[in-house]
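Undergrad: I'd like to ask you about the structure that follows.
Protein chains: 2
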Amino acid sequence: MSRTGISHDESCDPTGMARSKQPSIGEYLIQRIRDYGVRHVFGIPGDYVLSFYTLLEKSPISVIGCTREDCAGFAADSYARIHGLGVVCVTYCVGGLSVCNSIAGAYAEKSPVVVISGSPGLNERVNNPLLHHKVRDFRTQFEVFEKICVAAAELSDPVDAFRDIDAALDAAVRFKRPVYIELPRDMVNIVPHVAHRYHPLEVSCDRRVLDEAVDETVCLLANAQRPVILAGVELHRFGLQGRLMRLAEQARIPIAATLLGKSVVRETHPLYVGIYEGAMGRDDVTRFVEESDCVLVLGAFMTDINLGIYTANLDPGRCIYATSEQLRIHHHNYQGVALGDFLDELIRRRPKQAARDVPAALRPSSERIPFEACREQPLTIRRMIACVNERLDEETIVIADIGDALFAATELVTQEHTDFISPAYYTSMGFSVPAGLGALVARPHSRVLILCGDGAFQMTGMELSTIVRRGLSPIVIVLDNHGYGTERVLHSGDWAFNEIHPWRYAELPHLLGGGRGHVARTEGEFLEAIAQAWDDRSQMNLIHVHLEPHDCSESLKRLADRLAHRV
Amino acid sequence: MSRTGISHDESCDPTGMARSKQPSIGEYLIQRIRDYGVRHVFGIPGDYVLSFYTLLEKSPISVIGCTREDCAGFAADSYARIHGLGVVCVTYCVGGLSVCNSIAGAYAEKSPVVVISGSPGLNERVNNPLLHHKVRDFRTQFEVFEKICVAAAELSDPVDAFRDIDAALDAAVRFKRPVYIELPRDMVNIVPHVAHRYHPLEVSCDRRVLDEAVDETVCLLANAQRPVILAGVELHRFGLQGRLMRLAEQARIPIAATLLGKSVVRETHPLYVGIYEGAMGRDDVTRFVEESDCVLVLGAFMTDINLGIYTANLDPGRCIYATSEQLRIHHHNYQGVALGDFLDELIRRRPKQAARDVPAALRPSSERIPFEACREQPLTIRRMIACVNERLDEETIVIADIGDALFAATELVTQEHTDFISPAYYTSMGFSVPAGLGALVARPHSRVLILCGDGAFQMTGMELSTIVRRGLSPIVIVLDNHGYGTERVLHSGDWAFNEIHPWRYAELPHLLGGGRGHVARTEGEFLEAIAQAWDDRSQMNLIHVHLEPHDCSESLKRLADRLAHRV
């Protein structure tokens, strides 16, 4: 099984046709998602999807019931980021329209999530009756998902159904974007009488275009004095991290990462220089990247957050910009060059080794600075992150919600295989707890650390219910500054609309009948809580961290300075 | 102020132009929603909508911050049902796409909700940058809402902005459907230099069509031996309940209500015969309605649930079907007749009095049967409803969530002004708690009773946070049968996907720092809890009711019998 979890070897029977009998439409859909390594489906049953749920329950796939559909969507997204493909299965409209936001986030950040929605049976639709859950007409939900998915299929015709399933799944895996599959409830058990065999999609590559692009790149790298790689999240999505490292190590090119791409490169690697985010990031990293005469931007989205709200000062005339969607060198484009092919060919051509070393100040320290608590000192987010930093190891998955949870977490130093997951471009609050569920289901033996602000926690934190139910054991840190703290900083003034109601978060384990709660107001209390939580692999641990309303990280302060005049 | 809360009298200054200076686009939008009686806006702030939130906070409108956007949508829907117009205000995409389901429900059930969404400034969009929260392109959210709203406007042009605001609000009020208004953040404070005056929409009526339709109706009623009125929810939405009663009392025509229209007629009225829902409802009511030789269907949606999953046996050849969208007599249609005009003209013409009396068995008893508890008896939903029934009075608003909370609640007898609110057509679980918030904000002195299953409660029940925060005092009954009970009944078999994790619901008040929790397993315990809760107007009371997993109401049993073969 590859890192992306997608496997097409023979044992998996990718054709789905070695089975003893012709499958029904519902069975074929299940076979095909299993071919891509999917072992779990997130969702909530509802009457238009009960037949398909029954099939799922009889299949080897585990159904992970969530408390709400949007949480199931976030969990499937996180599962997809770790495992290569995620699936959320819901009922018509009341279910489907509840995952719009999660799926839009997966689209924006390129996470391949398959949305399977039940719908009224075709036989029920005669004369356009007002069936429950219907909004405007029977196409409404389909038309909405066409806007936020890279492909959409309605399995309303037995002749086309298998081909439509294949095409939708191919699109999800190829473009790393969500796809939508609508399954009318009277089609689930229909067995199409068509001969069908899955043919994996072959994407052709024009060798001459590739050669010319790589020639030019090799030449630019050879002439550069100060080349640098800016690594983005697509390297992770497309399973290209190994190739990135081979290229960088061969040519000894220093690497910076974007915020969304944090953990694409392990942050203790000697070539790693830090997160580049324009004026929002650390000065010395910004200077190192912007002084480069050849920036190899690989798999990075040029978003406002990644670019420090456009304070980045990267001259396109010195950039080679290669993503899954385009290859641009300076001001000209090459069409149809796949990112993986481009990297492979670059590696084969062994570009000249770079002359510039990583400056000592940027070089990651191999030793960690031990955290020394001032035990009575009120806790700040900066100190809390420093304390957590000590704990990260190879099996940690850090999931940061939006707000200072994310900005502060940029200071964490990920280790060999530490994963860092955050909706750092789409920035939808409430991602982290359900994403923690998805991560633990995808990789049960990892140590999942969830960092979540109080505002975000109030949106979806009750998904801890499913975490407790399944006996999973993440560490959840709720950063309580009594409101939407980032907005307080961005939009100065103490506006009442940024205040939220205080909860006794540490009592949730009791309400949910599982897990352990901790409260920390001082450094000493936090040190004790995190030590107990980290040692406890038997249950979920929730730490309620009290912060001053205006406490914020250095990153957020820098961001605020840049954004303030725009909001 | 009329029942619907919409007032166009002079004191309200409907033109919005008597103000001292030309307003900005944001100010005009606030003026115009205030003209419709809106005093509260539900939502969550976010960076693309902060400027508008600042205007709101400075205005006389109260901003009701919710825990999540979809809850804000449900609350605004409920506020609209009671008050005539509701408003939800959110940020771009992460906020807007989170209210798709609530707004789709408002569309399906005709509730006039205005969605105001911030969006990136027009000046920021040059060269189509990847701004955070963006999904596909800057039009994505607009295109999604076009599918689920009756009108959509983007306020991107100062010349058109005022007119676009007027048109959207007119559409919401005229069609009783949600509308979408997108406000780029750099347009909020723009002051258009155009002369503008609001002209209320005038809908013309062709007198000759109206006369012919009323002639025919009067004639049919005169010749009918057994006329009956089937009253639907539109009578409430359009404020026509008074006219309904005048017509029915003049002509002594018995009235049945649809499920969605429950409480449109007070259920103790001597002409009221009960809820009609085909084979799903009580046999004697079904027989009474279906034996009629002239069914005057007024403002009812002919939905599957209203029609008892199409077990209703209403011969169109004996129906007069009048809604806000159409007027059909037997098999022919009249175009362009407004429901209100039709009722007015019918009343003016004083149809002949009906010959048939309401049978004694159907006649509502003026005395209530006192509930006598078998104190040690485990509680059932049927007995619980009987107990609650004693308590309902004129100021009660009953809000029933989907599932047996709704089906069982059909047995409640509403009093003079008791309101019954439920998403009985769109049937989106999780409506009731946020809708309870909306109802209490709209009518603070009412007694709000929320009936909610455990599955539905786990979706949105944490909105109690906002209820506690604002010191509101509903009674919340959580019906805990350990899962999706309705699905268990509809789709027989004990499928694991219908199980949910148990919560200690009665501990929520402690977690939220307000309210009181009760637990009831027996009739005696429930009797005590409801008595304490009803007498306590100082705080929220939550009663956790334990039910057997397969306990269900008579209505749900009947529904299951009809639905089972379809799901």
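Heads up: the sequence lines are chains A and B, in that order.
Here this note's numbering is used: the first sequence runs in plain steps of one and ends on residue 568.
Here this note's numbering is used: the second sequence runs in plain steps of one and ends on residue 568.
Ideal placement from N, C-alpha and C gives every residue a C-beta, glycine not left out.
Check for me: the alpha helix (DSSP H) holding Arg470 (chain B) runs from which residue to which?
TA: Here residue 470 (chain B) corresponds to residue number 469 of the second sequence, with the count starting at 1. Element bounds for Arg470 (chain B): 465-470.
Undergrad: Applying the criterion that 16 or more other CB atoms from any shown protein chain within 10 Å of the CB defines a buried residue, is Lys59 (chain B) buried or exposed?
TA: Within the second sequence, numbered from 1, the residue matching residue 59 (chain B) stands at position 58. It counts as exposed.
Undergrad: Does any residue of chain B have a CB that is nearer than 7 Å to the CB of Lys148 (chain A)?
TA: Along the first sequence, one-based indexing puts residue 148 (chain A) at 147. Answer yes: the Cβ-Cβ gap between Lys148 (chain A) and chain B drops below 7 Å somewhere.
Undergrad: Starting from the C-beta of Met430 (chain A), find all residues in its chain whose C-beta is less than 8 Å away, skip the five residues before and the five after it, and write them out in chain order.
TA: Numbered from 1 along the first sequence, position 429 holds the residue referred to as residue 430 (chain A). The answer, listed in chain order, is Asp402, Ile403, Gly404, Gly454, Gly456, Ala457, Met460.
Undergrad: Can you list, in chain order, the residues of its chain with a C-beta nearer than 6 Å to that of Gly97 (chain A)? Leave out the 5 residues immediately preceding and following it.
TA: Taking the first residue of the first sequence as position 1, residue 97 (chain A) is located at position 96. Closer than 6 Å at Cβ, skipping near neighbours: Val91, Ser118, Gln142.
Undergrad: Output, in chain order, the set of chain A residues within a Cβ distance shorter than 9 Å of Thr55 (chain B).
TA: Here residue 55 (chain B) refers to the residue found at position 54 when the second sequence is read from its first residue. The answer, in chain order, is His492, Gly494, Trp496, Phe498.
Undergrad: Can a CB atom of chain A be found closer than 7 Å to the CB of Leu132 (chain B)?
TA: Taking the first residue of the second sequence as 1, we reach residue 132 (chain B) at position 131. Output row for Leu132 (chain B): interface = yes.
Undergrad: Out of curiosity, what's the CA-to-CA distance linking Arg563 (chain B) and Glu526 (chain B)?
TA: In the second sequence, residue 563 (chain B) corresponds to position 562, counting from 1. In the second sequence, residue 526 (chain B) corresponds to position 525, counting from 1. Approximately 34 Å, taken between the alpha carbons.
Undergrad: Please go through the same chain and pick out, in chain order, the residues whose beta-carbon is closer than 7 Å to the beta-carbon of Arg176 (chain A), but skip the five residues on each side of it.
TA: As a working note, residue 176 (chain A) is residue 175 in the first sequence. According to the sequence shown, residue 176 (chain A) is Phe rather than Arg. These residues qualify, in order along the chain: Val151.
Undergrad: Show which residues of chain B have a CB atom less than 8 Å away from the CB atom of Leu237 (chain A).
TA: Position 236 of the first sequence, counted from the first residue, corresponds to residue 237 (chain A). Checking the sequence shown, residue 237 (chain A) turns out to be His, not Leu. Result: empty, since nearest Cβ-Cβ is about 18 Å, beyond 8 Å.
Undergrad: How would you write the range of the beta strand (DSSP E) that Asn128 (chain A) sits in, first residue to last?
TA: Working through the first sequence from its first residue, we reach residue 128 (chain A) at position 127. Asn128 (chain A) -> no beta strand (DSSP E), and no H or E assigned at all.
Undergrad: Output the distance between the C-alpha atoms of Ile7 (chain A) and Ala440 (chain A), rounded to the nearest integer angstrom.
TA: Residue mapping note: residue 7 (chain A) aligns to position 6 of the first sequence, counting from 1. Residue mapping note: residue 440 (chain A) aligns to position 439 of the first sequence, counting from 1. At Ile7 (chain A) the pLDDT is 38, less than 50, meaning the model places this residue with poor confidence; the figure from the coordinates comes in the next sentence. Rounded to the nearest angstrom, the two C-alpha atoms are 16 Å apart.
Undergrad: I'd like to check one pair, Val234 (chain B) with Leu261 (chain B): are the Cβ atoms closer than 7 Å?
TA: Locating residue 261 (chain B) in the second sequence gives position 260, where the first residue counts as 1. Locating residue 234 (chain B) in the second sequence gives position 233, where the first residue counts as 1. Yes. Within cutoff.
Undergrad: Determine the direct distance from the alpha carbon of Val50 (chain A) to that of Leu156 (chain A), and round the result to whole angstroms.
TA: Within the first sequence, the letter at position 155 stands for residue 156 (chain A). Within the first sequence, the letter at position 49 stands for residue 50 (chain A). Approximately 13 Å between the Cα atoms of the pair.
Undergrad: Is the beta carbon of Asn102 (chain B) sitting closer than 7 Å to the one on Ser120 (chain A)?
TA: Walking along the second sequence from the start, residue 102 (chain B) turns up at place 101. Walking along the first sequence from the start, residue 120 (chain A) turns up at place 119. The answer is no: Cβ separation not under 7 Å.
Undergrad: Suppose you measure from the CA of Ala257 (chain A) to the CA of Asn224 (chain A); what does that come to, to the nearest Å?
TA: Along the first sequence, one-based indexing puts residue 257 (chain A) at 256. Along the first sequence, one-based indexing puts residue 224 (chain A) at 223. Distance between the alpha carbons of Ala257 (chain A) and Asn224 (chain A): 20 Å.
Undergrad: Is it true that the CB of Arg369 (chain B) sits closer than 7 Å to the CB of Glu524 (chain B)?
TA: The sequence position of residue 524 (chain B) within the second sequence is 523, counting from 1. The sequence position of residue 369 (chain B) within the second sequence is 368, counting from 1. The answer is no: Cβ separation not under 7 Å.
Undergrad: From the DSSP secondary-structure annotation, give me the bridge partner or partners of Ser63 (chain A).
TA: Translated into positions along the first sequence, residue 63 (chain A) becomes position 62. Ser63 (chain A) is bridged to A:His41.
Undergrad: Show which residues of chain B have a CB atom less than 9 Å away from the CB atom of Phe302 (chain A).
TA: Position 301 of the first sequence, counted from the start, is the residue given in the question as residue 302 (chain A). What Phe302 (chain A) touches in chain B: Leu131.
Undergrad: Output needed for Asp420 (chain A): all residues of its chain with C-beta closer than 6 Å, excluding positions within five of it in sequence on either side, in chain order.
TA: By 1-based counting over the first sequence, the position of residue 420 (chain A) is 419. Closer than 6 Å at the Cβ level, and outside the excluded window around Asp420 (chain A), lie Ser264, Ile398.
Undergrad: Does Gly243 (chain B) pass the burial test, meaning 16 or more other C-beta atoms within 10 Å, or should it be called exposed?
TA: In the second sequence, the residue the question calls residue 243 (chain B) occupies position 242. With fewer than 16 Cβ atoms within 10 Å of its Cβ, Gly243 (chain B) is classed as exposed.
Undergrad: Shorter than 7 Å from the beta carbon of Gly66 (chain B) to some beta carbon of chain A?
TA: The residue you call residue 66 (chain B) lines up with position 65 of the second sequence. Interface residue, yes.
Undergrad: Go through the region 137-202 of chain A residue by residue and report every complete run of the alpha helix (DSSP H) that reaches 4 residues or more, in order.
TA: Within the region 137-202 of chain A, the complete alpha helix (DSSP H) runs of at least 4 residues are 141-149, 159-176.
Undergrad: Can we say the region 35-48 of chain B touches the region 70-79 of chain B, given the rule of at least three CB pairs closer than 8 Å?
TA: Output reads yes: the region 70-79 of chain B touches the region 35-48 of chain B.
Undergrad: Quick check on Leu51 (chain B) - is its C-beta less than 7 Å from some C-beta in chain A?
TA: Here the question's residue 51 (chain B) lines up with position 50 in the second sequence. Cβ-Cβ to chain A under 7 Å: yes for Leu51 (chain B).
Undergrad: With 9 Å as the C-beta to C-beta threshold (strictly closer), list the residues of the region 503-531 of chain B near chain A in chain order.
TA: Against chain A - using a Cβ distance shorter than 9 Å - the residues of the region 503-531 of chain B are Pro503, Trp504, Arg505, Tyr506, Glu508, Leu509, His511, Leu512, Leu513, Gly514, Gly515.
Undergrad: DSSP three-state label for Gly119 (chain B), please.
TA: Numbered from 1 along the second sequence, position 118 holds the residue referred to as residue 119 (chain B). If DSSP states are grouped into helix, strand and coil, Gly119 (chain B) belongs with the strands.
Undergrad: So with CB distances below 9 Å, who are the chain E contacts of Pro46 (chain A)?
TA: This model lacks chain E altogether, as its protein chains are A and B.
Undergrad: Tell me the rounded alpha-carbon separation between Val274 (chain A) and Arg208 (chain A).
TA: One-based indexing of the first sequence puts residue 274 (chain A) at position 273. One-based indexing of the first sequence puts residue 208 (chain A) at position 207. Those two C-alpha atoms are separated by around 34 Å.
Undergrad: With distances taken Cα to Cα, identify the nearest neighbour of Tyr335 (chain B) among B:Leu509, B:Ala109, B:Glu213.
TA: Translated into positions along the second sequence, residue 335 (chain B) becomes position 334. Out of B:Leu509, B:Ala109, B:Glu213, B:Glu213 has the C-alpha closest to the C-alpha of Tyr335 (chain B).
Undergrad: Pick out the complete alpha helix (DSSP H) segments inside the region 430-488 of chain B, 4 residues or longer, and give them in chain order.
TA: 433-443, 455-461, 465-470, all fully within the region 430-488 of chain B.
Undergrad: Could you give the residue range of the alpha helix (DSSP H) that holds Phe408 (chain B)?
TA: By one-based count along the second sequence, residue 408 (chain B) stands at place 407. Where Phe408 (chain B) is concerned, the enclosing alpha helix (DSSP H) stretches over 405-410.
Undergrad: Taking the alpha helix (DSSP H) that Asp71 (chain B) falls in, what are its first and last residues?
TA: Here residue 71 (chain B) is taken as the residue at index 70 of the second sequence, counted from 1. Counting along the chain, the alpha helix (DSSP H) containing Asp71 (chain B) begins and ends at 70-84.
Undergrad: Distance check for Pro445 (chain B) and Val215 (chain B), CA to CA, integer angstroms please.
TA: Residue 215 (chain B) sits at position 214 when you count from the first residue of the second sequence. Residue 445 (chain B) sits at position 444 when you count from the first residue of the second sequence. Approximately 41 Å between the Cα atoms of the pair.
Undergrad: Under the DSSP definition of a beta bridge, which residues are partnered with Phe421 (chain A)?
TA: Taking the first sequence and counting its residues from 1, the one referred to as residue 421 (chain A) is at position 420. BP columns for Phe421 (chain A) point to A:Val399.
Undergrad: In terms of residues, what are the limits of the alpha helix (DSSP H) holding His547 (chain B)?
TA: Against the second sequence, residue 547 (chain B) aligns to sequence position 546. Looking at the DSSP string, His547 (chain B) is not in any alpha helix (DSSP H); the run it does join, the beta strand (DSSP E), is 542-547.
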